[in-house]
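Line order of the protein sequences matches chains R and S. Using our numbering, count along the first sequence one by one with no gaps and you end on 235. Using our numbering, count along the second sequence one by one with no gaps and you end on 1534. Even for Gly, the Cβ is constructed at its ideal location relative to N, Cα and C. Heads up, the thing below is written out as structure tokens.
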Amino acid sequence: MHRFLFLILCSVCSHATYAGCALDRQTLGARYTVVFTDAKGVSQESEVTIWRMKSRVLWEYPLSGIAESWHRNVREQLQLVRYFDQYDRGIEYYPADMPAYDPQSWERLWQLVPAAELESLEAGATHGDKCQLERGYSGTGHGLEVSGAWLGAAGLPSRWKTRATGASSSWQLKELVTDAKAVAQAFDSREHYQLIDYADIGDNESDPLLLKMASLGVVEHKVQAPRVAHGGHNH
Amino acid sequence: MNLRKTLLASALATLGAAQATAKPVLPAYQTANPWFTEGESSLDAKPVVIGRKVARNVILFVGDGMGVSTVTAARILEGQLRGMNGEENNLSFDLFPYTGLAKTYNVDAQTPDSAGTMTAMMSGVKTDVGVIGVDEDIVRGDCSTVAGNELVTALELAELAGKATGVISTARITHATPAATYAKSADRNWEDDSDMPADARECTDIAAQLIGFESGLEQRFPGARVDGIDVVMGGGRRHFLPRDEAFNQERDPADGPEGDRTDGRDLTAEWQQLYPQGQYVVDQAGFDSIDTSGNGPVLALFNESHMQYEADRSNDILGEPSIAEMTGKALEILDNDRNGYFLVVESGRIDHGHHAGNAAGALTDTIAFAEAVRTAVESVDLEKTLIIVTADHSHVFTIGGYPKRGNPILGKVVSVGSDEPALAADDLPYTTLGYTNGLGFRDLGDETNSDASYATPAFSGRVDLTSVDTQAPGFHQETLVPLGSETHAGEDIAIYGMGPGGHWVAGTNEQSAVFHVMNRAAKLVFRAQKRLDR
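See the structure below:
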């Protein structure tokens, strides 16, 4: 019953009031501090900002100067533009260049934790009210321990920690941006970048910058959406 | 009467003298260029063919990235798909009577790119990497160095000579190889205005040059009687449309603008205004409806960017014709011109399949390319048509190990007398095909888009392929040197010739000699100059 109510709330709360909070969860930004700790106890701190605007989601990695803009088109295909802020340039991946659309992968980009995975966890107590209303979650499974708190209005975690085989990742929300202009600006700020198709990288090998971008572009980022329970698709 | 005749003769002589001094169709800096003169003299040194006819028509087929190993592997794959062992098969152009080699280096690069190589083939002048239709005095990326370094291409000469002209590519029609037939640019990437830096806005982007080809030629050659390129087919529609959802022609507006232009110009509309009798199409249905009676030009832009890989073409939503279909349709249109025609056909994505490290994709496109050549051979008057098939450069793509006769070319090496895969020194099986560098191993199963390999980093080194289906379309071969993209290679590529003048491809040639083969076979310079002088 509780899970049923949760789903109903989520399905209508994009533009409606959630627990007395008139927040447009389709248009917002969330700034996180992320700490990775490996099995040897060595920690690395990073920052990630996630911007959402309708069918687009933008992940910014300020410390590495890379940003990724994902677009889910009307045919449920994914399109990606990978930006390199140091060079004002980017690589564009057409839908055909991308893996087949996977709803969970999209949800992981959109809200870090897919709804199905959230539902698989044990829901705890709530804290705060209106836009700050959050519910605790925890769970273990497949060698993974999860604990965190979920902001219902924003549809994002306020904090989230996963631990597996001695390593852990910890996400802490630092700032929630709800100003629609600021969100639009985040998406528009890179419009002037010179883009190249992924398929054209090989034809521009004499461009050392492009070679570097290509190498940077395919290096897996250490900061990834947290994996919960049954795992997921890392980007 | 005698006075009248004398005055008339004098007037005619004066008129003739004035016409004979019409501007030379090729500028002195092009004809004096050492590459150009070397190419001319190299043909002089070749054996003479008695009774050689002049070519009325010229078709240049370019398999982008189609090195000799690609030809061999595609030949075997095509044969195996037909149920043969494969090695004894022949691709269509394997049966051409004349074969030669071309040295592909650019002026400033040992391993070349498509821009410099196609410029060499089209103008007789080798040039730098990454520039289009200009000689080596250019500074790449510097718009101010274009003027005075533009080269005249064989397609332009054919146009000036009164022939029908066409250019087809499975890549964007503004991409390097097709662009080198009609454009002049200090950078191959200046495909539309949004690609150009602020200090280059004095130069015209490649897409705009295509639409303005007729007027551009008339400006450069006052008095020239030209009618523009008759058949243009390929991808790259985004470079012709404004960055505004209202101009989308295939993409749903909710998914953002299809076009890239920031100058507000809709070049497809401009083209239709220039050519009211012209036919503009964007999909298979439009292609099928093209009137081939030659009453107007054709502009076909089938995709926002490149056209689909052949293996992936059936996944295109609105449908795209094959390269063979495009070739056949173009020839039907061009053959209406009693002066003959000049056609360039590029298979642009053999190259991309190799860059992605996906042999299956590259070879499938090569087989489709060979089918296009077959279409031409079966359609044209071979007594009057010079057909050249070649590549612009090669790739670091190898056929290795000692597989037994008939071993699946996309498979693992199985030695003579054995039925099990051979094992390398690391006790792991290995494939016949491989790449020296690039993204390396991927196992994407039945994925038919070679570019669907972004998700994982470049991976060099060995993988246990025991349980991997290496013949699946989505298998990407192992590599040694990890790079974001596999590279071109610097070795010679093959040139195949058929028809009048085809014998001139024999021997080892500078790639710029291809221009001279076409020119001499069809007397392009002579005919263009003659028409200008009238």
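Since residue i meets chain R, which of its residues come closer than 9 angstroms, beta carbon to beta carbon?
i: H1352/S; result: A199, D200, G202 and D203
i: A1176/S; result: D203
i: D1492/S; result: Going along chain R, no residue has its Cβ under 9 angstroms from D1492/S, so there is no contact; the nearest lies around 20 angstroms.
Who are the neighbours of residue i on chain R, taking C-beta pairs under 7 angstroms?
i: A1183/S; result: Simply none; closest approach about 16 angstroms.
With a cut-off of 8 angstroms on the beta carbons, I'd call residue i and residue j a contact; round off their distance for me.
i: L1241/S; j: E1214/S; result: Not quite, the Cβ-Cβ distance comes to about 21 angstroms (not below 8 angstroms), so this is no contact.
i: G65/R; j: T49/R; result: Wrong, their Cβ atoms sit about 13 angstroms apart, outside the cutoff.
i: G1063/S; j: S1347/S; result: 5 angstroms
i: D1199/S; j: V1131/S; result: Actually they are not in contact, since the Cβ atoms of D1199/S and V1131/S sit about 17 angstroms apart, beyond 8 angstroms.
i: L173/R; j: Y32/R; result: 6 angstroms
i: G1497/S; j: L1382/S; result: Going by Cβ atoms, the distance from G1497/S to L1382/S rounds to 12 angstroms, so no, they are not a contact pair.
i: D1252/S; j: V74/R; result: 5 angstroms
i: R1075/S; j: D1094/S; result: 6 angstroms
i: D203/R; j: S1114/S; result: 6 angstroms
i: Y101/R; j: Q77/R; result: 6 angstroms
i: S120/R; j: G139/R; result: 7 angstroms
i: Y83/R; j: Y193/R; result: 6 angstroms
i: Q1249/S; j: R1237/S; result: 7 angstroms
i: S1394/S; j: A1521/S; result: Not a contact, Cβ separation roughly 25 angstroms.
i: L1532/S; j: G1223/S; result: 7 angstroms
i: T1099/S; j: A1506/S; result: 7 angstroms
i: G98/R; j: A1452/S; result: The question names Gly, yet the displayed sequence has Met at residue 98/R. Going by Cβ atoms, the distance from M98/R to A1452/S rounds to 7 angstroms, so yes, they are a contact pair.
i: T1174/S; j: A1207/S; result: 5 angstroms
Classify residue i: buried if its beta carbon has 16 or more other beta carbons within 10 angstroms, exposed otherwise.
i: G1264/S; result: exposed
i: Q1308/S; result: buried
i: R1313/S; result: buried
i: L63/R; result: exposed
i: E1331/S; result: Note that residue 1331/S corresponds to Leu in the displayed sequence, not to Glu. Classification for L1331/S: buried.
i: H1516/S; result: buried
i: A149/R; result: buried
i: R952/S; result: Outside the shown range of chain S, which is 1001 to 1534, sits residue 952/S, and nothing can be said about it.
i: I196/R; result: buried
i: G1417/S; result: exposed
i: N234/R; result: Here N234/R scores only 30 on pLDDT, less than 50, and its place in the model is too uncertain to base an answer on.
i: P1112/S; result: buried
i: H127/R; result: exposed
i: D961/S; result: Outside the displayed span of chain S (1001 to 1534) sits residue 961/S, for which this structure offers no information.
i: I1350/S; result: buried
i: A125/R; result: exposed
i: L1410/S; result: buried
Taking C-beta pairs closer than 7 angstroms, name the residues in chain S that residue i reaches, listed in chain order.
i: L211/R; result: G1484
i: V74/R; result: D1252, A1254 and D1255
Give me the chain R residues within the contact set of residue i, using Cβ-Cβ distance strictly less than 8 angstroms, ordered along the chain.
i: H992/S; result: Lying before the first or after the last residue shown, residue 992/S is absent from chain S, which here runs from 1001 to 1534.
i: T1195/S; result: In the sequence as displayed, the identity of residue 1195/S is Asp instead of Thr. Near D1195/S (Cβ distances below 8 angstroms), the residues of chain R are Q194.
i: D1312/S; result: A96
Please list, in chain order, the residues of the region 1343 to 1374 of chain S that have any C-beta partner in chain R closer than 9 angstroms. R1349, D1351, H1352, H1354, H1355 and A1356
Does the pairing of the region 1164 to 1177 of chain S with the region 1230 to 1244 of chain S give three or more beta-carbon distances under 8 angstroms? yes
For the region 51 to 62 of chain R, which residues have a beta carbon sitting closer than 8 angstroms to at least one beta carbon of chain S? So the list reads S55, given in the order they occur along the chain.
Cβ-based contacts, 8 angstroms cut-off: residues of the region 1105 to 1135 of chain S near chain R: A1109, D1113, S1114, V1129 and G1130
Under 8 angstroms, CB to CB, which of the residues in the region 86 to 104 of chain R have a partner in chain S? Y93, Y94, A96, D97, M98 and P99
For the structure I just gave you, are there three or more beta carbon pairs, one from the region 1426 to 1433 of chain S and one from the region 1334 to 1352 of chain S, closer than 8 angstroms? no
Return the residues of the region 174 to 195 of chain R that lie within a Cβ-Cβ distance of less than 7 angstroms from chain S, sorted by chain order. Residues passing the 7 angstroms Cβ filter: Q194.
Three Cβ pairs or more, each shorter than 8 angstroms: is that satisfied between the region 1469 to 1479 of chain S and the region 1386 to 1393 of chain S? Inter-segment contact for the region 1469 to 1479 of chain S and the region 1386 to 1393 of chain S is absent: fewer than three beta-carbon pairs are separated by less than 8 angstroms.
Should the region 1514 to 1534 of chain S be regarded as contacting the region 1067 to 1085 of chain S, the criterion being three or more beta carbon pairs within less than 8 angstroms? no
Would you check if there are 3 or more beta carbon pairs closer than 8 angstroms linking the region 1352 to 1368 of chain S to the region 1190 to 1198 of chain S? Cβ pair count under 8 angstroms is below three, so no.
Could you list the residues in the region 1429 to 1457 of chain S with a C-beta less than 9 angstroms from some C-beta on chain R, going in chain order? G1438, L1439, L1444, E1447, N1449, S1450, D1451, A1452, S1453, Y1454, A1455, T1456 and P1457
The region 1320 to 1328 of chain S touching the region 1264 to 1279 of chain S, judged by at least three CB pairs closer than 8 angstroms: no
Would you call the region 1101 to 1115 of chain S and the region 1083 to 1090 of chain S in contact, with 3 or more CB pairs under 8 angstroms? no
The region 1348 to 1359 of chain S / the region 1439 to 1448 of chain S touching (three or more Cβ pairs under 8 angstroms): yes
So does the region 1273 to 1283 of chain S actually touch the region 1295 to 1302 of chain S, counting three or more Cβ pairs closer than 8 angstroms? yes
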